[in-house]
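Asker: Below you will find the structure I want to go over with you.
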Amino acid sequence: MSKTTVETSTNETENKLWGGRFSESTDAFVQAFTASITFDKRLANQDIQGSEAHAAMLHKVGLLTAEELAAINDGLAAIRKEAEAGEVDWSIALEDVHMNIEARLTDRIGIAGKKLHTGRSRNDQVATDIRLWLREQVDFISEEVTRLQQGLVQLAEQEAHTILPGFTHLQVAQPITFGHHMMAWYEMLQRDFERLQDCRKRINIMPLGAAALAGTSYPIDRQFTAELLHFDRPSNNSLDSVSDRDFAIEFTSAASLIMMHLSRFSEELVLWTSAQFDFINLPDRFCTGSSIMPQKKNPDVPELVRGKTGRVYGHLICLMTLMKSQPLAYNKDNQEDKEPLFDTVDTLMGCLRAFADMMPHVETKPESMRRAAMQGFATATDLADYLVVKGMPFRDAHEVVGKAVAFGVETKQDLSEMKLAELQQFSDVIGDDVFDVLTLEGSVAARNHIGGTAPEQVLMQVAGAKGVLAAR
Ligand code: ARG
Numbered sequence: 003m004s005k006t007t008v009e010t011s012t013n014e015t016e017n018k019l020w021g022g023r024f025s026e027s028t029d030a031f032v033q034a035f036t037a038s039i040t041f042d043k044r045l046a047n048q049d050i051q052g053s054e055a056h057a058a059m060l061h062k063v064g065l066l067t068a069e070e071l072a073a074i075n076d077g078l079a080a081i082r083k084e085a086e087a088g089e090v091d092w093s094i095a096l097e098d099v100h101m102n103i104e105a106r107l108t109d110r111i112g113i114a115g116k117k118l119h120t121g122r123s124r125n126d127q128v129a130t131d132i133r134l135w136l137r138e139q140v141d142f143i144s145e146e147v148t149r150l151q152q153g154l155v156q157l158a159e160q161e162a163h164t165i166l167p168g169f170t171h172l173q174v175a176q177p178i179t180f181g182h183h184m185m186a187w188y189e190m191l192q193r194d195f196e197r198l199q200d201c202r203k204r205i206n207i208m209p210l211g212a213a214a215l216a217g218t219s220y221p222i223d224r225q226f227t228a229e230l231l232h233f234d235r236p237s238n239n240s241l242d243s244v245s246d247r248d249f250a251i252e253f254t255s256a257a258s259l260i261m262m263h264l265s266r267f268s269e270e271l272v273l274w275t276s277a278q279f280d281f282i283n284l285p286d287r288f289c290t291g292s293s294i295m296p297q298k299k300n301p302d303v304p305e306l307v308r309g310k311t312g313r314v315y316g317h318l319i320c321l322m323t324l325m326k327s328q329p330l331a332y333n334k335d336n337q338e339d340k341e342p343l344f345d346t347v348d349t350l351m352g353c354l355r356a357f358a359d360m361m362p363h364v365e366t367k368p369e370s371m372r373r374a375a376m377q378g379f380a381t382a383t384d385l386a387d388y389l390v391v392k393g394m395p396f397r398d399a400h401e402v403v404g405k406a407v408a409f410g411v412e413t414k415q416d417l418s419e420m421k422l423a424e425l426q427q428f429s430d431v432i433g434d435d436v437f438d439v440l441t442l443e444g445s446v447a448a449r450n451h452i453g454g455t456a457p458e459q460v461l462m463q464v465a466g467a468k469g470v471l472a473a474r
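According to my numbering, the sequence shown is numbered sequentially starting from 3.
Structure, rendered in structure tokens:
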């Protein structure tokens, strides 16, 4: 990790970059309080990238000589290396990553370093840095989402025929297939992926050139800088450019939805690994034990993911509140955008990684799931549908099956375990063929339409998803 120096004596800490109009030095505490270097040093690489493009543009329009540009590029390359190696002694007196790097550059190369800030401000610089950084993070996150989706699709294919009870109100409702359940999670992540890509479009617009707020009097070429930095285009309005943090909020909102999905998956994994459900086994390497109860194997990874969700929601509210009262254009408030954004990315990446690593190794327990599906009269709807096919109105069928279920509760047997004569007490249209629909296999196989739980449909969805993922 790189170091950060906190000077305590006010005298030595005058800011060389903006000290001109001040008659006394900044109070030492105020200096530390207003500085962002302790966290924005994370943007060092993007700051250098932005400076390289800005310098190339200044040279193109005649504001830097070829020698000056070469000196700037050499200096920046050296600072990038130092920063990567953690060798930069970041200074609080120099407030933020932008002024630290600029001062360091000037120390190294002299006068050319002082020319780099021509036609730009830290206001457009910081907005550019965050966009460059977040654009890259969105790409990493999208890759992890894809990896998790791949794991789910693989599991769905393996378990396309495995039956478990589906729940509503956490009560056994109807039999479903495990593959179908995994593909439900896949669909949520598919929307998440699309949201990330959509949000990336608005991240990828370049604020640089907006300068402090109004643009600059130099003949800058923003199109050229945008191309060098692989932005889609320069932004349209300088005031909006330096003050806009919508993209960070959109991202954090997309991140919150991903966390919400992961938290829902987590909740199910926690339930499913409990002795009461016993539907799956998580490999030991994703679990931990208890220091007092030797028998315990706890699903810590999903529990932690569920717990971390609140943090990301908090960052979303934090950023929304940060922006809500800011008049145009840049305000120092905006410095507070970084920590929530950084923590959102770190938290999300960690959770996605844990899930993407873990999901392909989930072991199902088909017998347990089957037993659970047999317990809750999961095929009651199938019996009603059977009666409807035989000509009974659905409401009457619902009533008949309700009575059959009550009988089952009383006699402690599932519908499929009753004798034909027992079933016929409730309706004489019931024939021998009823047992085809009362089995779990018959029930899931019957839901054979787009989006249904039948193994055939699950395998079709799996094939479609494989195509989508392969095209990324
Ligand atoms: N550290 C500042 C931030 O993170 C950089 C921009 C500061 N600009 C200014 N005029 N004070 O937003």
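Glycine included, every Cβ here is placed at the ideal spot set by N, Cα and C.
All figures in this text were calculated on a predicted structure; none of them were measured in a lab.
What residue range is occupied by the uninterrupted beta strand (DSSP E) comprising G453?
Answerer: As a first step, residue 453 must be located in the sequence shown, where it is residue number 451. Unbroken run through G453: none, as it is neither H nor E.
Asker: Do you know offhand how far I111's Cα is from H232's?
Answerer: Your numbering for residue 111 matches position 109 in the sequence shown. Your numbering for residue 232 matches position 230 in the sequence shown. Their backbone Cα atoms lie some 28 Å apart in a straight line.
Asker: Could you work out which residue in T366, P221, M376 and Q199 is closest to Q173 when comparing CA atoms only?
Answerer: Position 171 of the sequence shown, counted from the first residue, corresponds to residue 173. Closest by alpha carbon: M376.
Asker: Assess contact between the segment 407-415 and the segment 345-364, defined as three or more Cβ pairs (one per stretch) separated by less than 8 Å. Is contact present?
Answerer: The segment 407-415 vs the segment 345-364: no contact.
Asker: So, for G168: in the same chain, excluding its five sequence neighbours on each side, which residues have a beta-carbon less than 6 Å away from its beta-carbon?
Answerer: On the sequence shown, residue 168 is found 166 positions in, with the first residue counted as 1. A175, Q176 and I178.
Asker: Assuming F51 is part of the alpha helix (DSSP H), what are its boundary residues?
Answerer: Locating residue 51 in the sequence shown gives position 49, counting from the first residue. As written in the sequence, residue 51 is Gln, which differs from the Phe given in the question. Start and end: A46 to K62.
Asker: In chain order, which continuous runs of the alpha helix (DSSP H) of length 4 or greater are located wholly inside the segment 112-186?
Answerer: Correct list: 113-117 and 124-160.
Asker: Classify Q297: buried if its beta carbon has 16 or more other beta carbons within 10 angstroms, exposed otherwise.
Answerer: Locating residue 297 in the sequence shown gives position 295, counting from the first residue. Classification of Q297: exposed, given that the 10 Å Cβ count is below 16.
Asker: If we call anything under 8 Å between Cβ atoms a contact, is Q52 one with T130?
Answerer: Residue numbering aside, residue 52 sits at position 50 when the sequence shown is read from its first letter. Residue numbering aside, residue 130 sits at position 128 when the sequence shown is read from its first letter. Gln is not the amino acid found at residue 52; the sequence shown has Gly there. The answer is yes: Cβ separation under 8 Å.
Asker: Is the CB-CB distance between K117 and F226 below 8 Å?
Answerer: Stepping through the sequence shown from its first residue, residue 117 is reached at position 115. Stepping through the sequence shown from its first residue, residue 226 is reached at position 224. The answer is no: Cβ separation not under 8 Å.
Asker: If you drop the 5 nearest sequence neighbours on each side, which residues of the same chain put their C-beta closer than 6 Å to that of T1?
Answerer: Only positions 3 to 474 of the chain appear in this structure, which leaves residue 1 out of reach.
Asker: In the DSSP assignment, the alpha helix (DSSP H) including W274 goes from what residue to what residue?
Answerer: Locating residue 274 in the sequence shown gives position 272, where the first residue counts as 1. That run of the alpha helix (DSSP H) goes D248 to T275.
Asker: Buried or exposed: which applies to N206, given that a residue is buried once 16 or more other Cβ atoms fall within 10 Å of its Cβ?
Answerer: Walking along the sequence shown from the start, residue 206 turns up at place 204. Flag for N206 reads buried.
Asker: Can you tell me where the beta strand (DSSP E) holding S240 begins and where it ends?
Answerer: As a working mapping, residue 240 is identified with position 238 in the sequence shown. First-last for S240: S240 to S245, but that is the alpha helix (DSSP H), not the beta strand (DSSP E).
Asker: Would you kindly work out how many angstroms separate the C-alpha atoms of N125 and L134, rounded to a whole number?
Answerer: Locating residue 125 in the sequence shown gives position 123, where the first residue counts as 1. Locating residue 134 in the sequence shown gives position 132, where the first residue counts as 1. Cα to Cα, N125 sits roughly 15 Å from L134.
Asker: CB I165 to CB V99, shorter than 8 Å?
Answerer: Counting from one through the sequence shown, the residue named residue 165 turns up at place 163. Counting from one through the sequence shown, the residue named residue 99 turns up at place 97. No, the Cβ-Cβ distance between I165 and V99 is not below 8 Å.
Asker: So V436 and L425 are in contact, right, with Cβ under 8 Å, and what is the actual spacing, rounded?
Answerer: Taking the sequence shown and counting its residues from 1, one reaches residue 436 at position 434. Taking the sequence shown and counting its residues from 1, one reaches residue 425 at position 423. Right, their Cβ atoms sit about 6 Å apart.
Asker: Can you list the beta strand (DSSP E) stretches of 3 or more residues lying completely in the segment 345-419, in chain order?
Answerer: Taking only runs of at least 3 residues, no beta strand (DSSP E) segment lies wholly in the segment 345-419.
Asker: Over the uninterrupted beta strand (DSSP E) stretch that includes D435, give me the two end residues.
Answerer: As a working mapping, residue 435 is identified with position 433 in the sequence shown. That residue, D435, is in no beta strand (DSSP E); it is neither H nor E in DSSP.
Asker: Could you compute how far the alpha carbon of I282 sits from the alpha carbon of A216?
Answerer: Within the sequence shown, residue 282 is the residue found at index 280, counting from 1. Within the sequence shown, residue 216 is the residue found at index 214, counting from 1. Answer to the nearest angstrom: the Cα atoms are 60 Å apart.
Asker: T36 by DSSP, collapsed to three states: which one?
Answerer: To locate residue 36, count along the sequence shown from 1; it is residue 34. Helix, per DSSP.
Asker: Since G393 contacts V364 with CB under 8 Å, what's their CB separation in whole angstroms?
Answerer: On the sequence shown, residue 393 is found 391 positions in, with the first residue counted as 1. On the sequence shown, residue 364 is found 362 positions in, with the first residue counted as 1. Wrong, their Cβ atoms sit about 44 Å apart, outside the cutoff.
Asker: Using a Cβ distance threshold of 8 Å, determine whether the segment 191-207 contacts the segment 255-275, with at least three qualifying pairs required.
Answerer: Enough Cβ pairs lie closer than 8 Å, so yes.
Asker: Leaving out five residues before and five after V147 in sequence, what residues of the same chain have Cβ atoms less than 8 Å from its Cβ?
Answerer: Residue numbering aside, residue 147 sits at position 145 when the sequence shown is read from its first letter. Excluding sequence neighbours, V147 sits near L191, D194, F195, L198, I260 and L354.
Asker: Would you identify the three-state DSSP class for N75, choosing helix, strand or coil?
Answerer: The residue given as residue 75 occupies position 73 in the sequence shown. Of the three classes helix, strand and coil, the one that applies to N75 here is helix, per DSSP.
Asker: Where E14 and I81 are concerned, what is the direct C-alpha to C-alpha distance, given to the nearest angstrom?
Answerer: Counting from one through the sequence shown, the residue named residue 14 turns up at place 12. Counting from one through the sequence shown, the residue named residue 81 turns up at place 79. Since pLDDT at E14 reaches only 47, below the 50 mark, its modelled position is unreliable, and no value is offered.
Asker: Since L464 contacts T455 with CB under 8 Å, what's their CB separation in whole angstroms?
Answerer: Within the sequence shown, the letter at position 462 stands for residue 464. Within the sequence shown, the letter at position 453 stands for residue 455. It is Val, not Leu, that sits at residue 464 in the sequence shown. Not confirmed; about 13 Å, so no contact.
Asker: Check whether the Cβ atoms of D384 and A423 sit closer than 8 Å, and answer yes or no.
Answerer: If you number the sequence shown from 1, residue 384 lands on position 382. If you number the sequence shown from 1, residue 423 lands on position 421. Going by C-beta atoms, D384 is not nearer than 8 Å to A423.
Asker: Just to confirm, is the Cβ distance from E339 to A250 under 8 Å?
Answerer: In the sequence shown, the residue the question calls residue 339 occupies position 337. In the sequence shown, the residue the question calls residue 250 occupies position 248. It should be pointed out that residue 339 corresponds to Asp in this sequence rather than to Glu. Contact flag set, yes.
Asker: Who are the Cβ neighbours of M371 in its own chain at under 8 Å, not counting the five residues just before and after it?
Answerer: Working through the sequence shown from its first residue, we reach residue 371 at position 369. Contacts found: T164, I165, L166, P167, F180 and F281.
Asker: Is DSSP giving N17 helix, strand or coil here?
Answerer: Locating residue 17 in the sequence shown gives position 15, counting from the first residue. In this structure, N17 counts as coil in the three-state DSSP scheme.
Asker: Is N336 near ligand 1, judged by its Cβ being under 7 Å from some heavy atom?
Answerer: Sequence index remark: in the sequence shown, residue 336 carries index 334 (1-based). Yes, the Cβ of N336 comes within 7 Å of a heavy atom of ligand 1.
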